[in-house]
Amino acid sequence: MNIAILGFGTVGSGVYEIIEHAATAETKALHVTHILIRKGKEKKLSIMCDDIKTILDDPQLDVVVETMGGIEPARTYIIEALQAKKHVVTANKAVIAKYLKEFTNIASENGVHFYYEASTGGGIPCIQGLEKALRVDVIDKIYGIFNGTSNYILDHMHRYQSTFDEVLKDAQHLGYAEADPSADIDGFDICNKIRISASIAYNYPITDQFPVFGIRNITKEDVQYFSSKGLVVRLIAETRRKGNSYSCVVEPMLFNENQIEANIQNNYNLISLHGDTIGELKFYGQGAGKLATANAVIQDIIDIMQKKTHRQCTFDHTMNYDSSFCKTDYILRCNPSLLPLLKELSYDIVSSSYFHIKQIEVTKMHAIMNEILKQDATAFMASIYETKEEQSC
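For the sequence shown, this note's numbering begins at 140 and goes up steadily by one.
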């Protein structure tokens, strides 16, 4: 099977490395014939080129692997590849979250496959696990740790009593965090991942119009305070469904120290789903990294080679976003002078700067937090997971 790789960064080079050092009969049947690089960049390998047309016009090419990231030109190249009747495999969560329905339709129209296992959970086969569960069950909940960078930061702050800046620098040195870590620490990365997961689960294209709050403002003192209460914080993406209504949120959540999520260490992920008959399933493993993500890309390529089709979604189901779907408790840290913003809420003052907000709608709490941040740019909040569970929302 002949393959073109678009982009030769972390994931693209990982795909090439696995194929070049093929260790199984399946990987030995794969051949990289083209690598697309930016114009003006040195062509270090004979198979490198800087013209997408060279790739798409090759009648011997079977699969295009898009690892460029971002929206453009990735979207254009994916569409052109599908229209040229080439299968496409990608790990690009940003472009998938935005254009999944479009890509799926174009692939169907041209009799080719569009696979994207590596976009969510890195090397963890959580999308195929979700697709299998959907063959039997209605999935009413997906949640978990979808981002290795944020988990590394929160885990090390908890275990080693380090500051946010110290651990972030360490994560950047290890290659877990980018020079600009915004996508990871502000929740945008896992926003895309939960959109992809929920779109598949609900057969409906999920937009990004839901609350997202990250961990940029968390302090060593916050983590120590949570720990004193037997709680551990993790950055969580969650979606829930009731009939034709759904909710999504990305926010820091507090777990009891004996819960599984509280004990996921380093840059590992833990993604859970719940179905009618299967109950709760958890998928654990490396959620990012060069070879882990490349492994998932290769798995999709081998599925295409072996003519193993994935579950097809039409994304034409009717769903409504319900902003009042869940209520939960929050721990809020902010300047005490801002207490008037909480006057309509039920809350306890638990220290000079920490407040326990009781049973508030998630969307309302995020709206209040946005107002607080205008006057206290360092404020932080985290929901309490067990109180959300007790509401059976």
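Cβ coordinates follow ideal geometry from the N, Cα and C atoms, glycine included.
In the structure shown, N331 falls within a helical segment according to DSSP collapsed to helix, strand and coil.
Within the stretch 303-377, the alpha helix (DSSP H) runs of at least 4 residues that lie entirely inside it are, in chain order, 303-313, 321-324, 327-341, 359-367. Listed in chain order, the non-local C-beta contacts of T229 below 6 Å within the same chain comprise E205, Y255, local neighbours out to five positions each way being set aside. For L184, the closest of D196, E159, L169 by C-alpha to C-alpha distance is E159. When the Cα atoms are used, N405 and D294 turn out to be separated by approximately 6 Å. At a Cβ-Cβ threshold of 8 Å, L175 and C188 count as neighbours. Rounded to whole angstroms, the gap between the alpha carbons of G208 and K332 is 14 Å.
In chain order, L175, V203, V204, E205, T206, M207, Y216 place their CB closer than 7 Å to the CB of L145, counting only its own chain and leaving out the 5 sequence neighbours on each side. Under the three-state reduction of DSSP, K271 is assigned to helix. DSSP places E205 in no alpha helix (DSSP H) but in the uninterrupted beta strand (DSSP E) bounded by 202-205. DSSP places P212 outside both helix and strand once states are collapsed to three, so it counts as coil. Boundaries of the beta strand (DSSP E) harbouring L145: 141-145, taken from the DSSP string. Here the alpha carbons of R373 and I266 stand approximately 22 Å from one another.
When Cβ pairs closer than 8 Å are counted between the two stretches, the stretch 378-389 is seen to touch the stretch 271-289, the count reaching three or more. Selection F519, I441, V501, N249 evaluated against K167 yields I441 as nearest (Cα-Cα). For G153, the secondary structure class from DSSP, reduced to helix, strand or coil, is helix. Put simply, of S491, D461, L481, Y469 the residue whose alpha carbon is nearest the alpha carbon of Q348 is D461.
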